[in-house]
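Per our numbering: the sequence shown = residues 12 to 377.
By construction, the Cβ of each residue, glycine as well, lies at the ideal position given by its N, Cα and C atoms.
Bear in mind the structure is a predicted one, so any value in this text is a computation, not a measurement.
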Amino acid sequence: MNDFVAQEARDVDVVVIGAGQAGLSGAYHLRRAGLEPDRDFVVLDHAPRPGGAWQFRWPSLTYGKVHGMHALPGMELTGADPARPSSAVISEYFARYEDTFGLRVHRPVDVNAVREGERGRLLVETSEGTYATRALLNATGTWDRPFWPRYPGQETFRGRQLHTANYPGPEEFAGQRVVVVGGGASGTQHLMEIAEYAASTTWVTRRPPVYREGPFTEELGRAAVAMVEERVRLGLPPRSVVSVTGLPLNDAIVAARAKGVLDRLPMFDRITPGGVVWDDGRSVDADVILWATGFRPVIDHLAPLKLRTAGGGIQIDGTRAVRDARVHLVGYGPSASTIGANRAGRAAVREIRMLLGRTPAAADAG
12 MNDFVAQEAR DVDVVVIGAG QAGLSGAYHL RRAGLEPDRD FVVLDHAPRP
62 GGAWQFRWPS LTYGKVHGMH ALPGMELTGA DPARPSSAVI SEYFARYEDT
112 FGLRVHRPVD VNAVREGERG RLLVETSEGT YATRALLNAT GTWDRPFWPR
162 YPGQETFRGR QLHTANYPGP EEFAGQRVVV VGGGASGTQH LMEIAEYAAS
212 TTWVTRRPPV YREGPFTEEL GRAAVAMVEE RVRLGLPPRS VVSVTGLPLN
262 DAIVAARAKG VLDRLPMFDR ITPGGVVWDD GRSVDADVIL WATGFRPVID
312 HLAPLKLRTA GGGIQIDGTR AVRDARVHLV GYGPSASTIG ANRAGRAAVR
362 EIRMLLGRTP AAADAG
């Protein structure tokens with residue numbers, strides 16, 4: 012990590028916040044545009060090591076179980092052992108990527124606030140000092156902000172409550188009665204794993220699950236992204252692309268449905284010391300409640316810029332914040348998938364180049 016600690020703001024052209032898929036993609040395209048790391052731009056990452064959110068994935072999520080992992084631009088991920096944990100495989104890949112392209116990520120660095128500065132620059136206040144930047148590429152993702160719903164009686168529960176962000180793997184639930192809350196991909200994956208070890212499992216969701224038969228085509232992908240894009244265009248909080256695609260009806264899900272593991276109950280009404288209950292009199296005893304309830308964008312550090320709309324989200328056009336053309340959000344809303352993050356990084360840098368008055372590098376013309 013750079014040893015820079017300054018009393019006064021250090022001038023740079025671009026600050027990249029986050030070194031996951033979107034941040035590294037952006038940094039790669041900044042280099043291709045002729046900007047030099049630590050001279051023209053800096054990449055700041057909150058995590059202790061390379062790997063983005065992948066480094067925190069549960070051990071039982073092997074690389075072979077990962078769906079839709081797209082390589083970073085300019086370097087494929089090849090020869091990976093499908094039986095190894097995805098956290099190890101992808102973290103090592105990200106580390107090689109940073110070294111190969113000399114991206115010089117500063118970590119661990121906390122970004123506390125971004126606010127208006129002088130000379131038309133933004134001040135990025137961090138744990139290693141303050142940067143005065145002409146443009147900001149925000150790629151903070153969602154992993155650091157798990158969403159915990161609140162239900163009556165939650166504080167009285169005598170068992171264990173945890174979020175999918177802290178999921179330790181299925182073995183830890185051996186012999187326990189587990190309630191899994193959430194109808195997304197993580198919730199179903201955890202549920203199917205836990206069912207092999209737990210004394211009992213109960214699955215509850217706010218809405219009935221929607222299953223998708225057949226392959227996930229390019230057309231379906233474009234339609235899903237368009238739905239999320241419309242929300243952020245209107246300034247509404249984004250939903251994940253996965254949330255609008257449905258659950259793939261693969262062999263594992265078919266088998267789990269046949270066993271009754273995916274027999275879903277509607278959302279309970281309150282929590283008791285010993286479990287969960289519904290207003291119709293139904294109840295389930297539980298030792299564990301696992302909240303697979305998703306994440307929210309990590310954007311509180313942008314609050315001083317007042318980018319949020321009345322709808323609660325940040326209105327963006329492409330990747331650019333409508334209320335401040337210096338700010339680009341990548342890995343936000345429609346670009347929150349790995350392939351979307353790659354494309355968003357490139358698109359954001361194209362606009363940032365124009366903002367900086369730099370002509371496109373020949374290598375980026377394609």
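Check whether the stretch 37 to 45 and the stretch 57 to 67 touch, using three or more Cβ-Cβ pairs below 8 angstroms as the test.
no
Pull up the DSSP beta-bridge partners for Gly390, would you.
No answer is possible for residue 390: it lies beyond the span of the chain, which begins at 12 and ends at 377.
According to the neighbour-count rule (16 or more other Cβ atoms, all chains shown, within 10 Å of its Cβ), is Arg132 buried or exposed?
buried
Could you check how far apart the C-beta atoms of Ile101 and Gly62 are, in whole angstroms? I think they sit under 8 angstroms.
6 angstroms
Decide yes or no for the touch test of the stretch 90 to 97 against the stretch 176 to 192: beta carbon pairs closer than 8 angstroms, at least 3 of them.
no
Compare the C-beta of Arg21 with all C-beta atoms of chain C and state if any pair is closer than 8 angstroms.
No chain C is present in this structure, which holds just one protein chain.
Could you give the DSSP three-state label for Glu240: helix, strand or coil?
helix
Less than 8 angstroms separating the beta-carbons of Tyr142 and Val26?
It is a contact, given that the beta carbons lie within the stated cut-off.
Judging by CA-CA distance, which residue of Pro84, Gly113, Leu83 and Leu72 is the nearest neighbour of Pro96?
Leu72
Looking at the unbroken alpha helix (DSSP H) that takes in Glu127, where does it start and where does it end?
Note, Glu127: premise wrong, no alpha helix (DSSP H); beta strand (DSSP E) at Val122 to Glu127.
Gly198 beta carbon less than 8 angstroms from that of Ala303:
yes
Residue from Leu260, Arg118, Glu129 and Arg223 whose Cα sits closest to the Cα of Ser138
Distance check between Ser138 and each of Leu260, Arg118, Glu129 and Arg223 places Arg118 closest, using alpha-carbon atoms only.
Which residue wins for smallest C-alpha separation from Leu114, given the options Arg334, Leu245, Ile264 and Phe52?
The shortest C-alpha separation from Leu114 is found at Phe52.
Cβ neighbour criterion (16 or more within 10 Å) applied to Pro163:
exposed
Identify whether Trp214 lies in helix, strand or coil by the three-state DSSP scheme.
strand
Under the rule that 16 or more other beta-carbon atoms within 10 Å means buried, what is Ala388, buried or exposed?
The shown model of the chain, from 12 to 377, leaves out residue 388, and the question about it has no answer.
Do you know offhand how far Gly344's Cα is from Val333's?
15 angstroms
Mind checking who Thr73 pairs with in its DSSP beta bridge?
Pro96
Assigned secondary structure, Asp274 (DSSP; H/G/I helix, E/B strand, else coil)
coil
Which value, in whole angstroms, describes the spacing of the CA atoms of Leu245 and Gly45?
In a straight line, the C-alpha of Leu245 is about 34 angstroms away from that of Gly45.
Examine the Cβ distances between the stretch 296 to 310 and the stretch 165 to 182 and report whether three or more of them are shorter than 8 angstroms.
yes
Mind reading off the beta-carbon distance from Phe184 to Tyr208? Whole number of angstroms is fine, and I expect it under 8 angstroms.
5 angstroms
If I measure Cβ to Cβ from Leu366 and keep anything under 8 angstroms in the same chain, skipping five residues before and after, which residues do I get?
Arg145, Ala146, Ala336 and Arg337
Enumerated in chain order, which unbroken segments of the beta strand (DSSP E) with a length of 3 residues or greater are wholly contained in the stretch 23 to 85?
Runs found: 52 to 55.
For the candidate residues Ala106, Lys270 and Ala33, whose alpha-carbon lies nearest to that of Gly342?
Ala33
Write down the C-beta distance between Ile28 and Val122 rounded to the nearest angstrom, noting that I regard them as a contact closer than 8 angstroms.
5 angstroms
Do the CB positions of Arg169 and Pro284 come within less than 8 angstroms of each other?
yes
Check whether the Cβ atoms of Gly140 and Arg21 sit closer than 8 angstroms, and answer yes or no.
Against a cut-off of 8 angstroms, the Cβ pair of Arg21 and Gly140 comes out as a contact.
Less than 8 angstroms between the beta carbons of Val272 and Phe279, yes or no?
no
Which residue comes first and which comes last in the beta strand (DSSP E) that contains Gly286?
Gly286 to Val288
How would you write the range of the alpha helix (DSSP H) that His4 sits in, first residue to last?
Look at the range of the chain in this structure, 12 to 377, and you will see that residue 4 is not part of it.
Helix, strand or coil at Pro160 according to DSSP, with G and I counted as helix
For Pro160, the three-state secondary structure derived from DSSP is coil.
When Pro160, Met203 and Gly194 are compared against Pro181, the one with the closest alpha-carbon:
Answer by Cα proximity: Met203.
Please work out which residues of its chain come closer than 6 angstroms, Cβ to Cβ, to Gly323, disregarding the five sequence neighbours upstream and downstream, and give them in chain order.
Pro248
Our contact map puts Thr216 next to Arg161 with C-beta atoms below 8 angstroms; I'd like the distance itself, whole angstroms only.
With a Cβ gap of about 17 angstroms, Thr216 and Arg161 do not count as contacting.
By how many angstroms is the C-alpha of Trp289 removed from the C-alpha of Arg60?
44 angstroms
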